[in-house]
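**Q** Protein chains in written order, with the UniProt record's numbering: chain E, 1 to 331; chain B, 1 to 328. Beta carbons: idealized from backbone N, C-alpha and C, even for Gly. Please read all numbers here as calculations on a predicted model, not as lab measurements. Input: one structure, supplied below.
The structure is reproduced here in structure tokens:
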């Protein structure tokens, strides 16, 4: 494929397609997971990131396997964009022996040492200090690794975020704080949960460079991530990205969302990151609708196959449920 | 062997382990430049540098989590949460995060980290600086909890904790800070999960640990007519069931002495296990002696009344030994 450099976005054709594939994979994974949940096939709760795909895809694009991320209860997209294996993720959602954690942890705790996913997290703000620790390790090792922490606007009200911003700034750590600002802390709108909805301003008071971007525009997210990651790799310290985006679904699947006005969904669909990038690919990168349909079909097939394989995995074995309470092998 | 004070033994362990393994880090409030609030980390900054020995802000949750992330990324951090009471501020990172990393990732990640805290029980530090919270910690699967009551054990357990591949909570007694004891000169560790039989006896098993252990030893030293087998648990979790059960099978009597409040304490776990496993051998009801159900008080006379004193322990021993089982 020819690399076409677009002076407007600075994104070449291959990268543009990769971003689309990354976002489409997340959308399809989440849609399929939602369908499976609605069909009663997935136990517990799931939290979907439909509408927020551009943040995951754009932030993770400049990252290597050796870089670290931590993410949230709404973390499927970040894990996929960071290279998490879909089949094991699906297996974990189903509670199967072939899942990432042998069915011990479920949707909210995907972790994979091989691609630097320090873990999704079911405690709001709980993963942020771990990302700081990843950044400290990166700094001590000195190989130019970067650590990224994803969290939502809900976590902006958690004290631990402020502790971590302070430490990251004091110790000049190679970390990128990424706030996915979707306007809701679970079921509570930002007007009720943040005195200052300008989350990026919180980082600025610690002297951390902070930008606010349109989190539905994958090119804008990538540009911000690129700059922040480069700064971290160069040993210049932390950065903060506030990505304004939309959570199309409820806090969890099955949330009746009585707190939401119907008009919100209409507005959101006009800000669909996939539709927007689809238009850019056809208008600026020379792809046709058919090209993209082919990509969509291929991804759909891959996700459905993963789901089917996961469903067919053996259920987690109760005989082994106390394994791994303590680490088994010496490191 | 060298005679060292309790805090010097901790300091020696930190020096030895940081020299042995350059993945070992020390992070905490006042640990670097000040050398620790009470001297335990003296000389480490000078010996190992500011990258590995870090003064942190007063941000307990963030520093425990930072240590955790660094552990997951291949380092072996020690994080100092100054007083045990302060861990309550970091409980998410201890309970929900560090303790569960191995389990939640089915062994894909480990968290080889140590959290150190002083328990200042007995030093007149009041309700928010002198709690004995070991039961809270021991109740969390995945977290190991150790507490040395002598200089040798403080050193040996800390060394073992640093070398362990999972999170270990190391509690240190401020009341013993200046107590002197013989410490081995070699690289000996005290294995996690092994109790120490301080004295052998046939009449009663006395299980204790931490701050209560020296007072229990004092009580027992004065008792010549009663054969007390004194066991210092050293590791609260996972506790050395075998040593305790074997002893109770011999003596038929158990007294557990700890400084924490009796209700819902570690003593209850030991008592229940002994009651279930040694039913046929028991010659007296299992007995627990600890603090009353109240926060730890400040005033010297209140704190003295709060913690089990040698005379309280001696009375409990004698009463338990005197118990005569009625024929059924």
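#1: Excluding five sequence neighbours on each side, which residues of the same chain lie with their C-beta closer than 7 Å to the C-beta of residue 232 (chain B)?
#2: Excluding the 5 residues preceding and the 5 following residue 239 (chain E) in the sequence, name in chain order all residues of the same chain whose CB lies nearer than 6 Å to its CB.
#3: Let me check one thing: in DSSP terms, what residues is residue 55 (chain B) bridge-paired to?
#4: Quick one: does residue 167 (chain E) have its CB under 8 Å from some CB of chain B?
#5: Here's a check: name, in chain order, each residue in its chain whose Cβ is nearer than 7 Å to the Cβ of residue 97 (chain B), leaving out the five neighbours to either side.
#6: Using a Cβ-Cβ cut-off of 8 Å, state whether residue 166 (chain B) counts as contacting chain E.
#7: Residue 277 (chain B) to residue 270 (chain B), Cα distance in whole Å?
#8: So with Cβ pairs under 8 Å, would you call residue 8 (chain B) a contact of chain E?
#9: Going by the DSSP bridge assignment, what does residue 228 (chain B) pair with across the sheet?
#10: For the segment 253-269 of chain B, list every residue whose C-beta sits within 8 Å of some C-beta in chain E, in sequence order.
#11: Grab me the residues of residue 138 (chain B)'s own chain with a C-beta within less than 7 Å of its C-beta, minus the 5 sequence neighbours each way, in chain order.
#12: I'd like to confirm the pairing. Which residues does DSSP put opposite residue 151 (chain E) in its beta bridges?
#13: Of the residues E:26, E:182, E:39, which one's Cα is nearest the Cα of residue 243 (chain E)?
#14: Can you list, in chain order, the stretches of the alpha helix (DSSP H) that have 4 or more residues and sit fully within the segment 142-168 of chain B?
#15: For residue 109 (chain B), does the three-state DSSP call read helix, strand or coil?
#16: Along the chain, where does the alpha helix (DSSP H) containing residue 181 (chain B) start, and where does it finish?
#17: Would you report the Cα separation of residue 14 (chain E) and residue 207 (chain E), rounded to the nearest angstrom?
#18: Leaving aside the five residues before and after residue 48 (chain B) along the sequence, list all residues of the same chain whose C-beta is less than 6 Å from its C-beta, in chain order.
#19: I'd like the span of the alpha helix (DSSP H) that includes residue 258 (chain E), first residue to last.
#20: Tell me, please, whether the CB atom of residue 66 (chain B) is closer than 8 Å to any CB atom in chain E?
#21: Below 8 Å between beta carbons: does that hold for residue 332 (chain E) and residue 247 (chain E)?
#22: I need the straight-line Cα distance from residue 191 (chain E) to residue 81 (chain E), nearest angstrom please.
#23: Is DSSP giving residue 280 (chain E) helix, strand or coil here?
#24: Along the alpha helix (DSSP H) that carries residue 293 (chain B), what are the first and last residues, could you check?
#25: Buried or exposed for residue 104 (chain E), please, with buried defined as at least 16 other CB atoms from any protein chain shown within 10 angstroms of its CB.
#26: If we cut at 8 Å on Cβ distances, does residue 104 (chain E) have a partner in chain B?
#27: Distance, Cα to Cα, residue 307 (chain B) vs residue 134 (chain B)?
#28: Tell me the DSSP secondary structure of residue 212 (chain E) in three-state form.
#29: Relative to the alpha-carbon of residue 95 (chain E), which residue among E:307, E:166, E:326, E:134 has its alpha-carbon at the smallest distance?
#30: Can you tell me the Cα-Cα spacing of residue 264 (chain B) and residue 65 (chain E), whole angstroms?
#31: Can you list, in chain order, the residues of its chain with a C-beta nearer than 6 Å to that of residue 91 (chain E)? Leave out the 5 residues immediately preceding and following it.
#32: Along the segment 140-154 of chain B, what residues have a CB closer than 7 Å to any CB found in chain E?
**A** A quick look at the data gives this:
#1: 149, 195, 196, 198, 208, 209, 213
#2: 176, 209, 228, 231
#3: B:28
#4: yes
#5: 65, 68
#6: yes
#7: 10 Å
#8: no
#9: B:204
#10: none
#11: 145, 236, 237, 266
#12: E:179
#13: E:182
#14: 151-163
#15: coil
#16: Residue 181 (chain B) -> not in any alpha helix (DSSP H); beta strand (DSSP E) instead, spanning 180-183.
#17: 36 Å
#18: 18
#19: No alpha helix (DSSP H) holds residue 258 (chain E); DSSP gives it neither H nor E.
#20: yes
#21: For chain E, the structure presents residues 1 to 331; residue 332 (chain E) sits outside this window and is missing.
#22: 31 Å
#23: helix
#24: Counting along the chain, residue 293 (chain B) falls outside any alpha helix (DSSP H), and DSSP gives it neither H nor E.
#25: buried
#26: yes
#27: 15 Å
#28: strand
#29: E:307
#30: 46 Å
#31: 98, 99, 310, 313
#32: 141, 142
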